[in-house]
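For the sequence shown, the working numbering gives the first residue as 122, with consecutive numbering after it.
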Amino acid sequence: MAQRPFPRILNPILETSAQRHQHICPRQVLGARIGLFGLKTLGFIDTDYSHPFTNSEKRLLTVVETDGCGADGIAIATDCHVGRRTLRVIDYGKVAATLIDTHTKRAIRVWPAVESRRCAKAYAPTAESKWHAYLAGYQLMPDHELLQFASVRLTQSIESILSKPNQRAICENCAEEIMNEREVVSNGRILCRACAGDSYYQSHES
């Protein structure tokens with residue numbers, strides 16, 4: 122099988138990801154490819170991947186479906202980051218992401234093809250292990266063998282996801298500050314999500 126290397130745009134993304142992780146792994150590559158494919162599909166970069174992407178205007182919002190190595194690959198490829206409020210993690214335990222053009226409201230969900238692991242081995246037949254085959258194969262495989270995608274409709278409005286920055290409220294139960302319109306009004310009281318019953322933690326005093 123002829124091996125046509127993926128465009129060079131991938132290399133600096135993987136270098137940055139490897140620096141953050143102090144190593145490179147297959148899921149970082151997979152995440153980077155997911156991000157790049159989403160950008161291409163939404164028209165943010167050329168179809169031949171000839172130019173890098175910068176999200177300096179925060180037009181792109183990305184939702185990743187797991188944390189870890191794959192999420193970092195996606196973040197670096199898309200230039201979306203939690204600290205800039207352009208990256209959200211909704212943990213489904215899947216190396217998948219939805220990229221959203223906040224201007225056009227178009228959303229594309231991208232995930233690995235079912236046969237991607239098996240196909241990766243064919244692109245790296247001399248690899249010393251499955252891990253090394255995935256690492257090499259994911260960098261060589263064409264999009265249609267590595268990834269699947271679908272146009273999707275968000276269950277929340279983009280406006281509610283993004284919210285209004287610098288909006289603040291005080292929880293009437295715990296007195297902690299709530300930012301970005303994340304308060305809940307329950308029986309006429311302004312509460313944080315934890316005090317409203319949607320908490321991931323429990324106090325030892327409870």
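Idealized CB from N, CA, C, for every residue including glycine.
CB contact check: residue i to chain B, cutoff 9 Å
i, result
"Val210", "No chain B appears in this structure, which consists of one protein chain only."
Coarse secondary structure for residue i, derived from DSSP in three states
i, result
"Ile221", "strand"
"Ala198", "helix"
"Arg274", "coil"
"Arg148", "helix"
"Ala248", "coil"
"Thr183", "strand"
"Ala317", "coil"
"Arg209", "strand"
Same chain only: Cβ atoms within 6 Å of residue i, ignoring 5 sequence neighbours per side
i, result
"Phe284", "It should be pointed out that residue 284 corresponds to Ser in this sequence rather than to Phe. Here the set comprises Asn301 and Glu302."
"Glu304", "Ala290 and Ile311"
"Arg230", "Thr219, Ala271 and Val273"
Opposing strand residues paired with residue i [DSSP bridges]
i, result
"Pro233", "Leu268"
"Glu298", "Ile291"
"Ser307", "Arg310"
"Ala254", "Answer is none; Ala254 lacks a bridge partner."
Assigned exposure category for residue i - 16 Cβ within 10 Å defines buried
i, result
"Thr168", "exposed"
"Arg148", "buried"
"Asp319", "exposed"
"Gly258", "buried"
"Pro233", "buried"
"Thr183", "buried"
Close-in-space but distant-in-sequence residues of the same chain around residue i (CB under 7 Å, 5 per side omitted)
i, result
"Asp264", "Phe158"
"Ala196", "His202 and Leu208"
Integer-rounded CB distance, given that residue j should sit under 8 Å from residue i
i, j, result
"Cys146", "Cys190", "5 Å"
"Thr223", "Arg180", "6 Å"
"Thr175", "Asp200", "5 Å"
Close beta carbons around residue i, own chain, < 8 Å, minus the five adjacent residues each side
i, result
"Ala123", "Summary for Ala123: the model assigns pLDDT 45, below 50, so the residue's position carries little reliability; its value from the coordinates is reported in the next sentence. Around Ala123: no qualifying Cβ."
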